[in-house]
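Worksheet: the structure to be examined is printed underneath.
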Amino acid sequence: MSITYLEAIREAQAKLLRDDERVFIYGQDVGGTFGGAFKATKGLAKEFPGRVLNTPISEDAIVGAAIGAAMQGMRPIVEMQFADFSSIALNQILNNAGTHYWRTNVPVPITVRLPSGGTKGSGPFHSQSMELIYAHYPGLIVMTPATVEDAYTMLIEAVAIDDPVIYCEHKYLYYHLKADKLPEKGLPTGRARIAREGRDLTIVSYSAMMQESLAAAEELTREGFEVEVVDLRTVKPLDTDTLLASVARTGRLLCIGESFPWGGATAEVIARVTSQGFHLLDAAPQRLNAKDTPIPYHPNLWNAHRPNAQKIATKARALLRE
Amino acid sequence: MPQIPIIMPQLGESIAEATIVDIKVKPGDEVADDQEIIDVETNKAVMGVTTPCKGKIDKITVQLKETYPVGAVLGYVEASEADAARFAKQAPPTPQREVAEEIPTRADQEVAAARERKTAERDGEGARMGDLPVPAVTKGATFMSPRVRARMAELQLTTADLAGIMGTGAGNRVTIKDLESFLHKIENQTAHEASAIRAGVADAMRRSWTRPLSTIGSSVNLDPLLHDRQSRDPKPGPGLYALRALALALSKNPIAAAKLIGNRVVQSNSIDVGIAVEAEDGIMVPVIRGADKTSLLDLTTKYKELVDLARQRRISPDMQTGGIATVSNFGTFGMEWGTPIPLPDQTLLLGLGAGKKVPSWDEEKKKFVPKTEAQITLSFDHRSIDGGGAGRLLKRVIELLENPKEL
Chain A
1 MSITYLEAIR EAQAKLLRDD ERVFIYGQDV GGTFGGAFKA TKGLAKEFPG RVLNTPISED
61 AIVGAAIGAA MQGMRPIVEM QFADFSSIAL NQILNNAGTH YWRTNVPVPI TVRLPSGGTK
121 GSGPFHSQSM ELIYAHYPGL IVMTPATVED AYTMLIEAVA IDDPVIYCEH KYLYYHLKAD
181 KLPEKGLPTG RARIAREGRD LTIVSYSAMM QESLAAAEEL TREGFEVEVV DLRTVKPLDT
241 DTLLASVART GRLLCIGESF PWGGATAEVI ARVTSQGFHL LDAAPQRLNA KDTPIPYHPN
301 LWNAHRPNAQ KIATKARALL RE
Chain B
1001 MPQIPIIMPQ LGESIAEATI VDIKVKPGDE VADDQEIIDV ETNKAVMGVT TPCKGKIDKI
1061 TVQLKETYPV GAVLGYVEAS EADAARFAKQ APPTPQREVA EEIPTRADQE VAAARERKTA
1121 ERDGEGARMG DLPVPAVTKG ATFMSPRVRA RMAELQLTTA DLAGIMGTGA GNRVTIKDLE
1181 SFLHKIENQT AHEASAIRAG VADAMRRSWT RPLSTIGSSV NLDPLLHDRQ SRDPKPGPGL
1241 YALRALALAL SKNPIAAAKL IGNRVVQSNS IDVGIAVEAE DGIMVPVIRG ADKTSLLDLT
1301 TKYKELVDLA RQRRISPDMQ TGGIATVSNF GTFGMEWGTP IPLPDQTLLL GLGAGKKVPS
1361 WDEEKKKFVP KTEAQITLSF DHRSIDGGGA GRLLKRVIEL LENPKEL
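Top line first, the protein sequences correspond to chains A and B.
Heads up: the first sequence at position 294 corresponds to 294 in this note's numbering, and the numbers run straight through without jumps.
Heads up: the second sequence at position 397 corresponds to 1397 in this note's numbering, and the numbers run straight through without jumps.
Rendered as structure tokens:
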């Protein structure tokens, strides 16, 4: 049996609907026979009648309604059609969901699924990575699964968590990434994973860029370098201990992110490692992000815009020679 | 006729630049295809650069001993149309610049200025920010990463301890891996804990060596001193004569022993002079306070006490501090000449070599006469005092030693 990243997300939702009657799915075109823009909920409306609900085209209203349901004891999963569109729900997510428990002691256990990141030809409004925005505000957990296994277990974990969770699923991985089977249990939320062990350089990454980083590490093996790849899994909370332990082994740090270069998870990782582990660094830490422009449509320009295995390897090579 | 560039080839993996060590042709020379015309040296080997095609050397645009990056144009060959066409066919396609590099973005524009600065620095103009020169790169033999620094601090290592490591990092800097493998290597060698006194001397000498030290020397006739010595009881050693002479010379000219600290010339109120005594595994320097006001007889008694204490390692630290100059009688080891290092908190060190009989021309008798001569040296911190000042002080010391009644 082979299961894709997208199927893992569907399976996780099916299991959640099956195991917990408080769970329902709320989003544009998720119900009926359509099953969502990417078919992440395909067949679920039929299997779980009345629990996979279509909404109006108002992200603000979708999240607002989900917050209300969560306050009343439900465990809603909200599907945004594209992560980019969640900007319309920012007020509900940041100001209401993010602050509610801290203001009232009443938790808001919503899960917002954000189909994130670039795919060929998707252009500026259907390619963006929003984790920086949500990680910046207190009160939210931001998950960025990079593997089929994590896509499955982390979504289940997201619904179990009492805090609002922003679940950033990567559209490029939907069909590209496959696994043999789904695990029962994953690492705890907030724990990073050493995806590949090495001694010469630590590459820290997450989501689709973690896969590109692994490919770059493989390429560098042929040149005699052993590169360690750390998969953040959740960008918030950020597992500083695992990062420091890895840099303690390697002395060199390269952070890769697909989001825009200003701020973000890569900058946060470098800030933490530099301030807490300055003595561990044998070379200035580096990072590689997408370019500081809107994301282009044209496939060639898109390739130029985002990091990929080849560019990561080039950057890593330079750092390894420092 | 077409001009074909002679390019610095890729000389191996991880080689970014090479230095021109020999140019075997000059403009106008006829060259064959693939002829070695320029020798370049990388950090790994000397290699030849060959002509791109048959033709005549038009010009060589590089200088001997200068370093150029891979891909740099070293010169041009003037070739016939046919040879040039053949070259074009053989030459690998010029690598397409990454598309990404061609998209000007706001962020790229921000870094463009920095990149220009870096290029300027490479071209020898020096990077500047505002009106100040700034380091453009963190590489080079003297760059120490935070990791290397922290590890050195942990193991109480100094840069001097790392002198034996050849760095493999950028610009030959010592990486943490270089340091760890060096430490691993010495683990297999015989080693023992250095004694406290050895570590103390090492630390003092290392600190002292951070200064521009210089040594001058002259010869001194020891016969008057040796003769004078016979008349005294107890008999002072030549080192003590030297100490007393230095103290008297300094009492007339205390500024010679002043220390320069920042832009202040710091001068002691008392002529306290130390004398180096060899102890087991190190050196101790007991200090004689007010040596200019202590007679040679009292000095001899005092010295004996201090040496006894020093040899028993019972001399306290405050008996060894506060000196303004030190005398080292390295002649006791049979050495004639040396360049001793002043103590780190002192400007001067007077060294006395072993005396030996030498023939000396006597102008009155018109013949050579035997004389006991020794070399006397003065090592000094050149920030505080110059050759002239040090020379005059040493001359005065010699005068006193050659007229020991004054001591």
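Where a beta carbon is used, it is the ideal one built from N, C-alpha and C, also for glycine.
Predicted model only: the values in this text are computed from it and were never measured.
For this session: Starting from the C-beta of I1103 (chain B), find all residues in its chain whose C-beta is less than 7 Å away, skip the five residues before and the five after it, and write them out in chain order.
Result: For the purposes of this step, residue 1103 (chain B) is taken as residue 103 along the second sequence, with counting starting at 1. With a pLDDT of 45 at I1103 (chain B), under the threshold of 50, the modelled position of this residue cannot be trusted, and the question is left open.
Exercise. Would E1036 (chain B) pass as a contact of T1019 (chain B) if the rule is Cβ separation under 8 Å?
Worked result: Here residue 1036 (chain B) corresponds to residue number 36 of the second sequence, with the count starting at 1. Here residue 1019 (chain B) corresponds to residue number 19 of the second sequence, with the count starting at 1. Cβ atoms of E1036 (chain B) and T1019 (chain B): not closer than 8 Å.
Problem set entry | Contact list for the segment 1148-1176 of chain B against chain A, Cβ threshold 7 Å | Of all residues in the segment 1148-1176 of chain B, only V1148, A1150, G1169, A1170, T1175, I1176 come within less than 7 Å of chain A when Cβ atoms are compared, listed by chain position.
Exercise. Cβ of Y174 (chain A) within 8 Å of Cβ of F85 (chain A)?
Worked result: For the purposes of this step, residue 174 (chain A) is taken as residue 174 along the first sequence, with counting starting at 1. For the purposes of this step, residue 85 (chain A) is taken as residue 85 along the first sequence, with counting starting at 1. Against a cut-off of 8 Å, the Cβ pair of F85 (chain A) and Y174 (chain A) comes out as no contact.
Exercise. With a cut-off of 8 Å, do at least 3 Cβ pairs link the segment 26-37 of chain A to the segment 198-218 of chain A?
Worked result: Segments in contact, no.
For this session: Please report the Cβ distance between G139 (chain A) and G98 (chain A), rounded to the nearest whole angstrom; I am assuming they are in contact, meaning their Cβ atoms lie under 8 Å.
Result: For this step, residue 139 (chain A) is matched to residue 139 along the first sequence. For this step, residue 98 (chain A) is matched to residue 98 along the first sequence. The beta carbons of G139 (chain A) and G98 (chain A) sit about 3 Å from each other, so the pair counts as a contact at 8 Å.
Problem set entry | Within 8 Å of chain B by C-beta, residues of the segment 265-295 of chain A in sequence order | If the cut-off is 8 Å between Cβ atoms, the segment 265-295 of chain A has F278, H279, L280, L281, D282, A283, A284, K291, D292, T293 near chain B.
Exercise. Do G198 (chain A) and V227 (chain A) come within 8 Å of each other at the CB atom, strictly closer than that value?
Worked result: Taking the first residue of the first sequence as position 1, residue 227 (chain A) is located at position 227. Taking the first residue of the first sequence as position 1, residue 198 (chain A) is located at position 198. Judged by their CB atoms, V227 (chain A) and G198 (chain A) are nearer to each other than the 8 Å cut-off.
Exercise. In whole angstroms, what is the alpha-carbon distance linking D1318 (chain B) and T1326 (chain B)?
Worked result: Mapped onto the second sequence, residue 1318 (chain B) falls at position 318. Mapped onto the second sequence, residue 1326 (chain B) falls at position 326. When rounded, the distance between both Cα atoms is 15 Å.
Exercise. Taking the beta strand (DSSP E) that D1022 (chain B) falls in, what are its first and last residues?
Worked result: The residue given as residue 1022 (chain B) occupies position 22 in the second sequence. 1017-1023 is the extent of the beta strand (DSSP E) around D1022 (chain B).
Exercise. Hey, out of A:G277, A:L232, A:A267, A:R113, whose CA is closest to A245 (chain A)'s CA?
Worked result: Counting from 1 along the first sequence, the entry for residue 245 (chain A) is found at position 245. The residue from A:G277, A:L232, A:A267, A:R113 with its alpha-carbon nearest to that of A245 (chain A) is A:G277.
Exercise. If you draw a straight line from the alpha carbon of G1322 (chain B) to that of V1287 (chain B), how long is it in whole angstroms?
Worked result: Against the second sequence, residue 1322 (chain B) aligns to sequence position 322. Against the second sequence, residue 1287 (chain B) aligns to sequence position 287. Each residue's alpha carbon lies about 8 Å from the other.
For this session: Check the C-beta distance from M1284 (chain B) over to A1310 (chain B) and give it rounded, since I have them as a contact under 8 Å.
Result: The residue labelled residue 1284 (chain B) in the question sits at position 284 within the second sequence. The residue labelled residue 1310 (chain B) in the question sits at position 310 within the second sequence. Between A1310 (chain B) and M1284 (chain B) the Cβ distance is about 4 Å, and since that is below 8 Å, they are a contact.
For this session: Could you tell me whether the Cβ of G251 (chain A) comes closer than 8 Å to any Cβ of chain B?
Result: Looking up residue 251 (chain A) in the first sequence gives position 251. G251 (chain A) has a beta carbon lying within less than 8 Å of a beta carbon in chain B.
Exercise. Under the DSSP definition of a beta bridge, which residues are partnered with R1264 (chain B)?
Worked result: In the second sequence, counting from the first residue as 1, residue 1264 (chain B) sits at position 264. In the DSSP assignment, R1264 (chain B) forms a beta bridge with B:I1261.
Problem set entry | Amino acids of chain A, ordered along the chain, whose beta-carbon sits closer than 7 Å to that of S1181 (chain B) | Taking the first residue of the second sequence as 1, we reach residue 1181 (chain B) at position 181. Within 7 Å of the CB of S1181 (chain B), no CB atom of chain A is found; the nearest one sits about 12 Å away.
For this session: Step through the CB atoms of chain A and report whether any lies within less than 8 Å of the CB of R1106 (chain B).
Result: For the purposes of this step, residue 1106 (chain B) is taken as residue 106 along the second sequence, with counting starting at 1. Its pLDDT being 49, under 50, R1106 (chain B) is placed unreliably in this model, and the coordinates cannot settle the point.
For this session: Taking R1206 (chain B) as part of the alpha helix (DSSP H), name the residues at either end of that continuous run.
Result: Position 206 of the second sequence, counted from the first residue, corresponds to residue 1206 (chain B). Secondary structure note for R1206 (chain B): its alpha helix (DSSP H) is the uninterrupted segment 1196-1208.
Exercise. Taking T144 (chain A) as the reference, which of A:A83, A:G123, A:L94 has the closest Cα?
Worked result: Within the first sequence, the letter at position 144 stands for residue 144 (chain A). The shortest C-alpha separation from T144 (chain A) is found at A:A83.
Problem set entry | Unbroken beta strand (DSSP E) run spanning V1148 (chain B), endpoints | Your numbering for residue 1148 (chain B) matches position 148 in the second sequence. Not the beta strand (DSSP E): V1148 (chain B) falls in the alpha helix (DSSP H), residues 1146-1154.
Exercise. Between T111 (chain A) and V1073 (chain B), what straight-line distance do the alpha-carbon atoms span, to the nearest angstrom?
Worked result: Start at 1 with the first residue of the first sequence, and residue 111 (chain A) comes out as number 111. Start at 1 with the first residue of the second sequence, and residue 1073 (chain B) comes out as number 73. About 60 Å.
For this session: Answer with buried or exposed for Q1267 (chain B), where buried requires no fewer than 16 other C-beta atoms within 10 angstroms of its C-beta.
Result: Numbered from 1 along the second sequence, position 267 holds the residue referred to as residue 1267 (chain B). Q1267 (chain B) is exposed by the Cβ-count criterion.
Exercise. Does DSSP classify N308 (chain A) as helix, strand or coil?
Worked result: Here residue 308 (chain A) refers to the residue found at position 308 when the first sequence is read from its first residue. Note: N308 (chain A) maps to coil in three-state DSSP.
Problem set entry | Cutoff 8 Å: I1103 (chain B) Cβ touching any chain A Cβ | Within the second sequence, the letter at position 103 stands for residue 1103 (chain B). Bear in mind that the predicted position of I1103 (chain B) carries a pLDDT of just 45, short of 50, making it unreliable; the figure below should be weighed with that in mind. Chain A contact via Cβ: present.
For this session: May I have the straight-line CA-CA distance separating P183 (chain A) from R196 (chain A), to the nearest angstrom?
Result: To locate residue 183 (chain A), count along the first sequence from 1; it is residue 183. To locate residue 196 (chain A), count along the first sequence from 1; it is residue 196. Roughly 19 Å separates the two Cα atoms.
Problem set entry | Pair within 8 Å by beta-carbon distance, L1393 (chain B) and A1191 (chain B) | Within the second sequence, the letter at position 393 stands for residue 1393 (chain B). Within the second sequence, the letter at position 191 stands for residue 1191 (chain B). By the CB criterion at 8 Å, L1393 (chain B) and A1191 (chain B) fall outside the cutoff.
For this session: Within its chain, find whatever has a CB closer than 6 Å to the CB of G1169 (chain B); leave out the 5 residues flanking it on each side and keep chain order.
Result: Sequence index remark: in the second sequence, residue 1169 (chain B) carries index 169 (1-based). Sequence-distant Cβ neighbours of G1169 (chain B) in its own chain, meaning closer than 6 Å and more than five residues away, are T1175.
Exercise. So T55 (chain A) packs on Q13 (chain A), CB below 8 Å; how close in whole Å?
Worked result: Looking up residue 55 (chain A) in the first sequence gives position 55. Looking up residue 13 (chain A) in the first sequence gives position 13. About 16 Å separates the beta carbons of T55 (chain A) and Q13 (chain A), which is beyond the 8 Å limit, so they are not a contact pair.
For this session: Count the other CB atoms, across all protein chains shown, that sit within 10 Å of the CB of Q92 (chain A); report buried if there are 16 or more and exposed otherwise.
Result: By one-based count along the first sequence, residue 92 (chain A) stands at place 92. Label assigned to Q92 (chain A): buried.
Exercise. What is the C-beta distance between F1330 (chain B) and G1353 (chain B), in whole angstroms, given that I count them as a contact (C-beta under 8 Å)?
Worked result: Taking the second sequence and counting its residues from 1, one reaches residue 1330 (chain B) at position 330. Taking the second sequence and counting its residues from 1, one reaches residue 1353 (chain B) at position 353. 6 Å between Cβ atoms; contact.
For this session: Please classify L1299 (chain B): is it buried, with 16 or more other beta-carbons within 10 angstroms of its beta-carbon, or exposed?
Result: The residue given as residue 1299 (chain B) occupies position 299 in the second sequence. By the Cβ-count criterion, L1299 (chain B) is buried, with 16 or more other Cβ atoms from all chains shown falling within 10 Å of its own Cβ.
For this session: Would you kindly work out how many angstroms separate the C-alpha atoms of V1358 (chain B) and I1376 (chain B), rounded to a whole number?
Result: Working through the second sequence from its first residue, we reach residue 1358 (chain B) at position 358. Working through the second sequence from its first residue, we reach residue 1376 (chain B) at position 376. The straight-line gap separating the alpha-carbon atoms of V1358 (chain B) and I1376 (chain B) is approximately 15 Å.
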